[in-house]
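In what follows, a single structure is set out as structure tokens and then discussed.
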Amino acid sequence: MESGSIHDEVTNTSPLLPRSRPESGGGEERSSPDSATAVLVLSTFVAVSGSYVFGCAVGYSSPAQSGILDDLGLTLAEYSLFGSISTIGAMIGAVVSGKIADLLGRRGAMGFAELFNIFGWLAIAFSKNAWWLDMGRLSTGFGIGLLSYVVPVYIAEITPKNLRGVFTAVNQLMICFGASVMYLVGNLITWRILALIGIIPCLIQLVGLFFIPESPRWLAKIGEWDGSQVSLVRLRGKNANIFEEAAEIRVGVGLMVLQQFGGVNAIAYYASAIFSSAGFSYRVGTAAMVIVQVPLTIIGTLLMDKSGRRPLLLVSVAGTCLGCFLIGLSYLLQDLKLWDSSPSLALVGVLVFTGSFSLGMGGIPWVIMSEIFPINVKGLAGSLVTVVNWFGSWIITYSFNFLAQWSSAGWFRNEGPHVRGNTGIHDLVRGSKVVLLLSKHCPTSVVCSSVVLNFS
1 MESGSIHDEV TNTSPLLPRS RPESGGGEER SSPDSATAVL VLSTFVAVSG
51 SYVFGCAVGY SSPAQSGILD DLGLTLAEYS LFGSISTIGA MIGAVVSGKI
101 ADLLGRRGAM GFAELFNIFG WLAIAFSKNA WWLDMGRLST GFGIGLLSYV
151 VPVYIAEITP KNLRGVFTAV NQLMICFGAS VMYLVGNLIT WRILALIGII
201 PCLIQLVGLF FIPESPRWLA KIGEWDGSQV SLVRLRGKNA NIFEEAAEIR
251 VGVGLMVLQQ FGGVNAIAYY ASAIFSSAGF SYRVGTAAMV IVQVPLTIIG
301 TLLMDKSGRR PLLLVSVAGT CLGCFLIGLS YLLQDLKLWD SSPSLALVGV
351 LVFTGSFSLG MGGIPWVIMS EIFPINVKGL AGSLVTVVNW FGSWIITYSF
401 NFLAQWSSAG WFRNEGPHVR GNTGIHDLVR GSKVVLLLSK HCPTSVVCSS
451 VVLNFS
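Residues in the sequence shown are numbered consecutively from 1, following the UniProt record's numbering.
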């Protein structure tokens, strides 16, 4: 019967993309390391090309800052608007990301996002004034806001359970690669050429989307509105515990708040300004960031399914806390002229922060978000937590230059999981609560409550 076939799809941990050879029985196919077929790898590569675009957008403003200021004569406020307005666009993209992904499909949503990204990069590359810069940055922000939700969801829906953590974490790895390339290449070429380079991964994804399959789970959701589809959707809804799902939403939102209000985008967007104000070479500093960031992101990807999500989160949060403290201490010592080597301490602090963030806080919240929400509410719930992420990102990136100008040491002491006084205790406890919730509420399902996902 049809309901039986759907039940098999739900309860078995079979790969969501078919193997290269046909399988006769859905129940006989098992999720194993051998499930990483060529189709699965190709689909993941095309999807994370969007993550690379995301990273390019994040890493662009830092190396381009001096060139744009010199060529177009922007004020501090105008460049702060340019640097941060992408997060406004990303918030808008995040608001509609779930609905667009449900309406157009995962592939359609990624293609739709890339149209905005291409327009944005072209507008930046050929801009003559601040208005066109802002329009281009806003457009790319909208595109990456869509991609920041659709890419991890698509990967989570096409990969088997035992590979889902590694494959979904490649999303963060490619964001890291994209930002790193911008940091390095941006020191060698003009800001206009750098913007044109940002179009390349957009075109790669647009072309690649024609060669990969749509998410089978989304096709099952909209392709067959018969008893089988109704049975699948109702199975998850019927078995769902409303209090458990509310806790899952708290976990998703809480992790995004913890991720963004740690100040990661202040460092990512304005790394060159941070190193320069600390008295350290921004070229050496950004190169060191790349050297630390990429390997630790790879390590975090490999450890995610082995050590579990919670241990990595705890280590990552503690490391970002230490990094903020060291950066703030460096600025304080510099202001008080107490230590000549304070610029080196700033570098160490940035590297500790960046490395710790790459290890866990960068990718794990997105992985957990794609896993804890059932498919019948994934679009709406995913949009909610993504909007929280981008709202926090906008606050951090827009306020950074003004607060750093007002009190550089105070800014980093106020960022992230605080390390001073009652606020430090409060934030560490708050972060611990979010992480500890994972142990209680994260054994849940991507499709229905009968599929248990072990996070540790």
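Backbone N, C-alpha and C define an ideal beta-carbon position, used for all residues, glycine too.
> According to the neighbour-count rule (16 or more other Cβ atoms, all chains shown, within 10 Å of its Cβ), is Pro-295 buried or exposed?
Replying inline: exposed
>> Using a 10 Å radius around the Cβ and a threshold of 16 neighbouring Cβ atoms, would you call residue 457 buried or exposed?
In response: In the structure as shown, the chain begins at 1 and stops at 456. Residue 457 is therefore absent and cannot be evaluated.
>> Considering just the uninterrupted stretch of the alpha helix (DSSP H) at Met-361, what are its terminal residues?
In response: Met-361 -> no alpha helix (DSSP H), and no H or E assigned at all.
> Using the beta-carbon count (16 or more within 10 Å), is Ala-77 buried or exposed?
Replying inline: exposed
> Alpha carbon to alpha carbon, how far is Lys-337 from Pro-343?
Replying inline: 11 Å
>> In this structure, how does DSSP classify Arg-21 when only helix, strand and coil are distinguished?
In response: A caution first: Arg-21 carries a pLDDT of 41, below 50, which makes its placement in the model too unreliable to give a value.
> Apart from the five residues on each side of it in sequence, which residues of its chain come closer than 7 Å, Cβ to Cβ, to Leu-303?
Replying inline: Leu-312
> Are Ala-288 and Leu-351 close, meaning C-beta to C-beta below 9 Å?
Replying inline: yes
>> Quick test of the definition: if touching needs 3 or more C-beta pairs under 8 Å, does the segment 166–175 touch the segment 96–110?
In response: no
>> If I measure Cβ to Cβ from Ala-273 and keep anything under 8 Å in the same chain, skipping five residues before and after, which residues do I get?
In response: Ser-62, Gln-65, Tyr-282, Asn-401, Ala-404
>> Rounded to whole angstroms, what is the Cα-Cα separation between Met-369 and Asp-340?
In response: 44 Å
> Terminal residues of the continuous alpha helix (DSSP H) containing Ile-124?
Replying inline: 76–125
> When you compare each of Ala-90, Phe-177, Met-135, Phe-116 to Cys-56 by their alpha carbons, which one comes out closest?
Replying inline: Phe-177
> Closest to Gly-360 by CA distance: which of Leu-196, Arg-192, Gly-308 is it?
Replying inline: Gly-308
> Which of the three DSSP states, helix, strand or coil, is assigned to Tyr-270?
Replying inline: coil
> Are the Cβ atoms of Tyr-154 and Ser-215 separated by less than 9 Å?
Replying inline: yes
> Closest by CA to Gln-260, which one among Met-91, Asn-389, Val-53?
Replying inline: Asn-389
> Would the beta-carbon of Pro-213 fall within 9 Å of that of Ile-158?
Replying inline: yes
>> Do Val-58 and Met-135 have their beta-carbon atoms positioned less than 9 Å apart in this structure?
In response: no
> Looking at the structure shown, is Ser-342 part of a helix, part of a strand, or coil, going by DSSP?
Replying inline: helix
>> Report the CB separation of Gly-323 from Gly-349 in whole angstroms; it is logged as a contact under 8 Å.
In response: 5 Å
>> Helix, strand or coil, according to DSSP, for Ala-278 in the structure here?
In response: coil
> In terms of residues, what are the limits of the alpha helix (DSSP H) holding Gly-59?
Replying inline: 38–72
> Straight-line CA distance for Val-317 to Tyr-270?
Replying inline: 21 Å
> So, helix, strand or coil for Pro-213, using DSSP?
Replying inline: coil
> Where does Thr-159 sit, in a helix, a strand or coil, going by DSSP?
Replying inline: coil
>> Classify Gly-50: buried if its beta carbon has 16 or more other beta carbons within 10 angstroms, exposed otherwise.
In response: buried
> With 16 other CB atoms within 10 Å as the buried threshold, where does Asn-129 fall?
Replying inline: exposed
> For Ala-38, does the count of other Cβ atoms within 10 angstroms reach 16, so buried, or fall short, so exposed?
Replying inline: exposed
>> Starting from Leu-188, trace the alpha helix (DSSP H) in both directions and tell me its first and last residue.
In response: That residue, Leu-188, is in no alpha helix (DSSP H); it is neither H nor E in DSSP.
> Considering only C-alpha positions, which residue in the set Ile-204, Val-95, Ala-123, Ile-144 is nearest to Ala-113?
Replying inline: Ile-144
> Mind checking Ile-291: buried by the 16 CB within 10 Å criterion, or exposed?
Replying inline: exposed
> In or out: Gly-27 buried (at least 16 other Cβ within 10 Å) or exposed?
Replying inline: Residue confidence is low: Gly-27 scores 42 on pLDDT, short of 50, so the model does not pin down where it sits. Its coordinate-derived value is still stated next. So Gly-27 ends up on the exposed side.
>> What does the alpha-carbon distance come out to for the pair Phe-54 and Gln-334?
In response: 34 Å
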